[in-house]
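The numbers in numbering that gives the first Met the number 0 rise by one with no breaks, and the one at position 86 of the sequence shown is 85.
Quick reminder that beta carbons are idealized off the backbone N, C-alpha and C, glycines included.
In this text the structure is predicted, and so the values were computed from the model without any measurement.
Structure first, then comments.
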Amino acid sequence: MTATEQVILVDENDHPIGTADKITAHREALCHRAFSVFIFREKETLELLLQQRAFHKYHSPGLWTNTCCSHPYPGENTIIAGQRRLREEMGIEIMLKWVGSFHYIAHFENGLTENEVDHVLIGKSVDDALTINPLEVEDYRWISLPKLKKEMHELPEKFTPWLKEALTIAERSFI
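Structure, rendered in structure tokens:
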């Protein structure tokens with residue numbers, strides 16, 4: 000995480016109120032805009048592409064989460080930002096659709112805080128070819144929604160704090 004990377008500060012209604020560097024936003028728990036991308040495919044059942052966050056990430060290292068997540072740059076459209084990060088993290092070029100948003104706050108042991116209005120973006124995979132970025136992603140897997148929900152219930156500490164609420168929004172568009 001670099002001090003020069005900027006995030007969009009927002010109020011509780013997601014109206015932009017300024018910018019801050021990413022480190023400051025997380026150290027001072029400033030509310031900022033984010034997005035969570037969910038890529039689904041249909042095999043015998045509907046499956047979601049999960050990523051395991053790289054072990055050196057500044058928070059939630061090694062935890063399983065949605066396909067990718069990040070922050071749009073100031074002035075950048077959230078869907079375009081989602082497509083950019085999906086390409087950078089997973090090597091996937093795909094159209095995304097906005098399906099909802101929610102606000103959450105999560106505190107981490109290292110003193111950082113996520114205080115985000117998280118926009119949920121979904122896409123449908125037609126190709127299984129991936130090129131993961133090892134700076135961002137430790138591992139990945141496709142998983143059915145019933146199996147994922149069972150794992151999240153039995154081992155919640157293995158998943159990011161935003162995944163459950165974001166998944167609820169994402170899956171509504173496919174069910």
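*Would you mind working out which of K123, D127, V9 and S100 sits nearest T167, comparing C-alpha positions?*
In the sequence shown, residue 167 corresponds to position 168, counting from 1. Ranking the options by Cα distance to T167, first place goes to S100.
*State the DSSP-derived secondary structure class of K96, mapped to helix, strand or coil.*
By 1-based counting over the sequence shown, the position of residue 96 is 97. Residue state, collapsed to three classes: strand.
*Would you tell me roughly how many angstroms separate the C-alpha atoms of R84 and M151, rounded to the nearest one?*
In the sequence shown, counting from the first residue as 1, residue 84 sits at position 85. In the sequence shown, counting from the first residue as 1, residue 151 sits at position 152. Cα to Cα, R84 sits roughly 25 Å from M151.
_Element boundaries [beta strand (DSSP E), containing E46]_ = Walking along the sequence shown from the start, residue 46 turns up at place 47. Looking at the DSSP string, the run of the beta strand (DSSP E) that includes E46 is L45 to R52.
_Quick check on the DSSP output: what are the complete alpha helix (DSSP H) runs of length 4 or more inside the region 134-170, in order along the chain?_
144-153
*State the DSSP-derived secondary structure class of I121, mapped to helix, strand or coil.*
Indexing the sequence shown from 1 puts residue 121 at position 122. Here I121 sits in strand by DSSP.
_G74 classed as buried or exposed, judged by whether at least 16 other C-beta atoms fall within 10 angstroms_ = Along the sequence shown, read from residue 1 onward, the residue named residue 74 stands at position 75. Exposed: under 16 other Cβ atoms inside 10 Å.
*Close Cβ partners of I142 (< 7 Å) along its chain, the five nearest in sequence each way excluded*: In the sequence shown, residue 142 corresponds to position 143, counting from 1. So the qualifying residues of the chain are E46, L47 and L49.
*asked:* Looking at A28: is its Cβ nearer than 9 Å to the Cβ of N114?
replied: Numbered from its first residue, the sequence shown carries residue 28 at position 29. Numbered from its first residue, the sequence shown carries residue 114 at position 115. Yes, the pair counts as a contact, with Cβ atoms nearer than the cut-off.
*Would you say the region 8-17 touches the region 84-96, given that touching needs at least three Cβ pairs under 8 Å?*
no
*Heavy atom of the ligand GTP less than 8 Å from the Cβ of R171, yes or no?*
This structure simply doesn't include the ligand GTP, nor any ligand for that matter.
_If I follow the unbroken beta strand (DSSP E) through G110, where does it start and stop?_
Working through the sequence shown from its first residue, we reach residue 110 at position 111. No beta strand (DSSP E) contains G110, which DSSP labels as neither H nor E.
*Contact between the region 128-146 and the region 17-26: three or more CB pairs below 8 Å?*
no
*With 16 other CB atoms within 10 Å as the buried threshold, where does A80 fall?*
Within the sequence shown, residue 80 is the residue found at index 81, counting from 1. Looking at its Cβ environment, which holds 16 or more other Cβ atoms inside 10 Å, A80 is buried.
_Beta-carbon proximity list for V36, same chain, < 6 Å, skipping 5 on both sides_ = As a position in the sequence shown, residue 36 is number 37, starting the count at 1. Hits under 6 Å: T66, C67, G81, L85 and L120.
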